[in-house]
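Engineer:
Protein chains: 2
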Amino acid sequence: MPPELIAVLIAVSDDRPMVLTLEGGRLLPSGPLEAGHRSLQTGLRLWVEHQTGHALGHVEQLYTFADAPADVGPDGRRVLISYLALTRIRRGERGWRGWYDYFPWEDQTAPEGRDLVLRIVQLLDEWAARASSAAEQEARRQRVALTFGLEGLGWDDELVLQRYELLWEAALVPESASPGAAVLPGLGMARDERRVLATAMARLRAKIRYRPVIYELMPDSFTLLHLQRTVEAVAGQPMHKQNFRRLVAQQGLIEETGEVAPDTRGRPARLFRFRREVIGARRIAGSKLPLARPI
Amino acid sequence: MPPELIAVLIAVSDDRPMVLTLEGGRLLPSGPLEAGHRSLQTGLRLWVEHQTGHALGHVEQLYTFADAPADVGPDGRRVLISYLALTRIRRGERGWRGWYDYFPWEDQTAPEGRDLVLRIVQLLDEWAARASSAAEQEARRQRVALTFGLEGLGWDDELVLQRYELLWEAALVPESASPGAAVLPGLGMARDERRVLATAMARLRAKIRYRPVIYELMPDSFTLLHLQRTVEAVAGQPMHKQNFRRLVAQQGLIEETGEVAPDTRGRPARLFRFRREVIGARRIAGSKLPLARPI
DNA sequence: CTAGATTATGCTCAACATGAGCATAAAGGT
DNA sequence: ACCTTTATGCTCATGTTGAGCATAATCTAG
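Which chain is which? The protein sequence lines are A and B, in order. Here full-length UniProt numbering is used: the first residue of the first sequence is 1, the next is one more, and so on. Here full-length UniProt numbering is used: the first residue of the second sequence is 1, the next is one more, and so on.
1. To the nearest angstrom, how far is it from the Cα of residue 255 of chain A to the Cα of residue 230 of chain A?
2. Which of helix, strand or coil does DSSP assign to residue 274 of chain A?
3. Using the Cβ count rule (16 or more neighbours within 10 Å means buried), how would you classify residue 63 of chain A?
4. Need the endpoints of the alpha helix (DSSP H) that residue 105 of chain A sits in, please.
5. At a Cβ cut of 7 Å, what residues of the region 36-66 of chain B count as close to chain A, listed as they run along the chain?
6. Between the alpha carbons of residue 253 of chain A and residue 212 of chain A, how many angstroms are there, rounded?
7. Compare the Cα-Cα distances from residue 66 of chain A to each of A/191, A/34, A/175 and A/16 and report the closest residue.
8. Specify, as a first and last residue, the run of the beta strand (DSSP E) that residue 79 of chain B falls within.
9. What three-state label does DSSP hand residue 223 of chain A in the structure shown?
10. Please state whether the Cβ-Cβ distance between residue 4 of chain A and residue 84 of chain A is less than 7 Å.
11. Report the three-state DSSP secondary structure of residue 230 of chain B (helix, strand or coil).
12. In chain order, what residues of the region 73-101 of chain B put their CB closer than 9 Å to some CB of chain A?
13. Quick check on the burial criterion: 16 or more other C-beta atoms within 10 angstroms. Buried or exposed for residue 54 of chain B?
14. Does the distance from the CB of residue 98 of chain B to the CB of residue 107 of chain B come in under 7 Å?
15. Can at least three beta-carbon pairs, one atom from the region 158-168 of chain A and one from the region 32-41 of chain A, be found at a separation below 8 Å?
16. Using DSSP with H/G/I as helix, E/B as strand and the rest coil, what is residue 214 of chain A?
17. Reducing DSSP to helix, strand and coil, say where residue 153 of chain B ends up.
18. Kindly list, in the order they appear in chain B, the residues whose Cβ is closer than 7 Å to that of residue 3 of chain A.
19. Measuring straight from C-alpha to C-alpha, what distance separates residue 42 of chain B and residue 22 of chain B?
20. Give me the residue from B/235, B/188 and B/226 with the minimum Cα distance to residue 202 of chain B.
21. Applying the 10 Å Cβ sphere with the 16-neighbour rule, what's the burial state of residue 159 of chain A?
22. Between the region 1-31 of chain A and chain B, which residues of the former have a C-beta closer than 7 Å to a C-beta of the latter?
23. Note the first and the last residue of the continuous alpha helix (DSSP H) segment covering residue 48 of chain A.
24. Answer with buried or exposed for residue 178 of chain B, where buried requires no fewer than 16 other C-beta atoms within 10 angstroms of its C-beta.
25. Against chain A, which members of the region 150-161 of chain B pass a CB distance test of less than 7 Å?
26. Could you name the residues of the same chain whose beta carbon sits closer than 6 Å to that of residue 121 of chain B, not counting the 5 residues immediately before and after it, in chain order?
27. Does the distance from the CB of residue 186 of chain A to the CB of residue 262 of chain A come in under 7 Å?
28. Who does residue 64 of chain A pair with in a DSSP beta bridge?
29. Output the boundary residues of the alpha helix (DSSP H) element that contains residue 118 of chain A.
30. Note the first and the last residue of the continuous beta strand (DSSP E) segment covering residue 11 of chain B.
31. DSSP three-state label for residue 183 of chain A, please.
32. Which residues mark the beginning and the end of the beta strand (DSSP E) in which residue 257 of chain B is found?
33. Counting only Cβ pairs nearer than 8 Å, list the residues of chain B close to residue 33 of chain A.
34. Could you work out which residue in B/156, B/260, B/49 and B/157 is closest to residue 20 of chain B when comparing CA atoms only?
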């Protein structure tokens, strides 16, 4: 069985990060590496275009997964080479789903997400208490505290995969080997797809901090608030407005279009565009995420 | 043909970063994924132990490569899943080579490395001038400036792979499709191994900035200067001594052993050890590399 | 025994970055 | 005219970073 190529296509629409899925949201675009493919990336592009009609722009390799030995079929082991692609939704495309539909606890901008985390931590505390030895109990508690930012550690938005795997072990998600009684809200996916999605979310959240990739998700022109809302949606965390603007301004990556946003409430906002020229011209940082306290 | 697992084992000895090789330094430990392997990592561990006798500690996946279509053999395409492992050299082990033997231009702590870069930039300028169109010439020049830190951009120690691929394109390394007359100093390797090594170097250089992985490369007890020299050796850049100590001290990751380094010149230095307990207890940063100007 | 030479270690300073919040501006709606 | 809403400018305290001065302990050469 040849390795399989699998893609996580991300776009942001109405301040919601979206992922392109197949089969009612249970699968991601994927297909086996074939002899005719010129490279891994070309193979990936062909499969995605064939299955979704979406032509990919910039693409980045994520991680290579292998099936657990229990799942090894007659043709051998399934090896998944995963990719992240940032793009924009095109008119009439179907299959886009909000990524927080799959990971509702990852949205810490809304009170629902924060409440959900409180409930999860309770359930995980019970799980920790069920460990056989005292040492294992303590180890579990420390892991919960670390991944969910308890005890003054603060929420780390990049620990998406670690949180998912903890929930998986605690049998709180439908994919778990023997899901417990309390299954959390959040759609499941087939096979390993939700782990692949979690990996993509973590990588994107990490990347917007040190590369200006957020602009790949923006329309041609946008207001500063729109940009902030997009970053917040991806990071799942609210940010301080004035500091965000200061940061974006001093990076010099955008310029005014001279126009003003239409149909807005309040004082009209100036429109900006990304300066494509600067890419390549110098080394550039992303947004360092000026965080705000949860409201 | 099943995917192949390949490992870059790194250690630091006498302030020189070393890599574990086979076949006279031309190969890295590797072997195909087999049905009996419980996971990719287990497969990798088995192969490395079988081929080198070295049991691996912590391991991290790097990148998955595929052969160029021209190199696809009768059994199909070769897919390489690469890993980085940090370790220490054990007594009597053979096959360890200095990584700067393969990438001499990556050592910017020594004047030889800096002089070599000057020569390389000259050769690349000529290569840029040989481009067919003016636009392509300009694009090449910009790429050279970016990857080699010209025009006030500063040397970026993480661009190991980008520099290697640029030299490859300019036919300045023995692996190039048609190596030119001027082949640079630096050992070549078989197949894609030198690209894998470059990827590992870049990842390690990036990682010591935000995770305390440098301690995986240190002996049980060490002086602050020894720690600094190790970081400098990995990063290939000199650092400011006092600032380095301030940084390390404020991280609270090490503690004094109470002893003093033996057989030292100058004022004797206190010995420190890494506090293994703090791993997992909190989220911790690496060394932010207080850089010094090239001397 | 003393003057270097050599490495260790403590401390200061300026420049800049970051988190927080006050204040004012410019729209639309009642 | 006033209130609501969003945009935008500015200040302030604190922390981080790059650079370098000064002093402390050791050894070696003369």
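Even for Gly, the Cβ is constructed at its ideal location relative to N, Cα and C.
Structural biologist: According to the structure shown:
1. 18 Å
2. strand
3. buried
4. Neither: residue 105 of chain A is in no alpha helix (DSSP H) and is coded neither H nor E.
5. 38, 39, 40, 61, 63, 64 and 66
6. 8 Å
7. A/191
8. 79-86
9. coil
10. no
11. helix
12. 76, 77, 79 and 81
13. buried
14. no
15. no
16. helix
17. coil
18. 3 and 79
19. 20 Å
20. B/235
21. buried
22. 3
23. 40-52
24. exposed
25. 153 and 156
26. 148
27. no
28. A/81
29. 111-129
30. 4-13
31. coil
32. 254-260
33. 66, 77 and 79
34. B/49
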